[in-house]
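So the sequences go chain by chain: A and B.
Per my numbering, numbering through the first sequence is continuous, rising by one, with the last residue being 159.
Per my numbering, numbering through the second sequence is continuous, rising by one, with the last residue being 1124.
Even glycine gets a Cβ: it sits at the ideal position worked out from N, Cα and C.
Because the structure is a prediction, the values reported are computed rather than measured.
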Amino acid sequence: MAFQVLLNFFIAFLWMFLSMNFTLSTFLIGFILGIIMILMMNRFIPGRFYMGRVWALVKLFFLFLKELFLANFQVLSLIIRPKMPIKPAIFALPTVLEKEWEITLLSNLITLTPGTLVVAISEDSKTLFIHALDYGDAEEAIDSIRNSFERAILEVSRT
Amino acid sequence: MEILKNSLIILTTSIGLVFIVVTAVGLIRLPDVYSRTHAASKSATLGVMFILLGVFLHFWLIKDEVNTRLLLGIAFLFMTGPVGGHVIGRAAYLSGVPMWKHSVKDDLGPYLKEQKKAHRQSID
């Protein structure tokens, strides 16, 4: 990926030198032309087309924002009830992710999602221990959210 | 146009304020350290992010000055808020703070016990 980004910058500078016009707009035109060239030459360049990965990253960011909002409205609705109907629990969640930055990202995402907080990560980093605010009803929904997060992170890190 | 700008600023700042109040009330009302960390790590992050966004919009739309430091502040909060929550929860558990008495499940305790046993066997 780093090689493709570097190549794209190189093409953009080449375009600036060709057009003898050193402004931001010329750079951007060159950058867009570079993206098109890299897309056309994708079969000869090692690795996946990097804009796909950038797009996956943007999608992950918006997922993050959405979950942050839902989490806050859940906390809001919990604390204004007169009787607090919560069933806290710590449960183990096995993960398929391997690289350390992926696990960090997943635990950050889980901490910002409604009603869950990562308390510890096991020694071999295969299991996350998660404190859930309301364990009873939400376990299956939580599992499906995990799957969507894990898939989104795998989408970014896939080569 | 001026009214629109001002109402946008007031809206973001007051949303931030509401979430800060939620944090404070949650810290008082929730039963144990772990549930309090839920309130502190989520609502406080979003609340301060919204207030900073309101300040940024004020300087941008009214004073006509783009303050990039505020944007950096929002990004840093976004990254460090959940990490802080995690570290507090982990430190509390490892130093033996008990969970609330109505908690229904605890997978971490048996795991830590097993780890300790394995560690002791490796020393012997």
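Looking at the DSSP output, Lys1117/B bridges to nothing. Taking every protein chain shown into account, the CB of His1119/B has fewer than 16 other CB atoms within 10 angstroms, so this residue is exposed.
Going by DSSP, Thr127/A is part of the beta strand (DSSP E) stretching over 127-132. The Cβ atoms of Ala89/A and Lys1113/B lie no closer than 8 angstroms to each other. Rounded to whole angstroms, Thr26/A and Phe9/A show a C-alpha spacing of 12 angstroms.
If you look at Thr111/A, you'll find it in the alpha helix (DSSP H) that goes 100-112. The count of Cβ pairs closer than 8 angstroms, one atom from the region 3-18 of chain A and one from the region 27-47 of chain A, reaches three, so the stretches are in contact.
In terms of beta-carbon proximity, Val1025/B lines the interface with chain A, with at least one pair separated by less than 8 angstroms.
For Ile90/A, the chain B residues whose Cβ falls inside 9 angstroms of its Cβ are Tyr1034, Tyr1093, Met1099, Ser1103, Lys1105, Asp1106, Asp1107, Leu1108, Gly1109, in order along the chain. Annotation: the continuous beta strand (DSSP E) that includes Phe91/A extends over 89-94.
The beta carbons of Ala1092/B and Val1033/B sit closer together than 8 angstroms.
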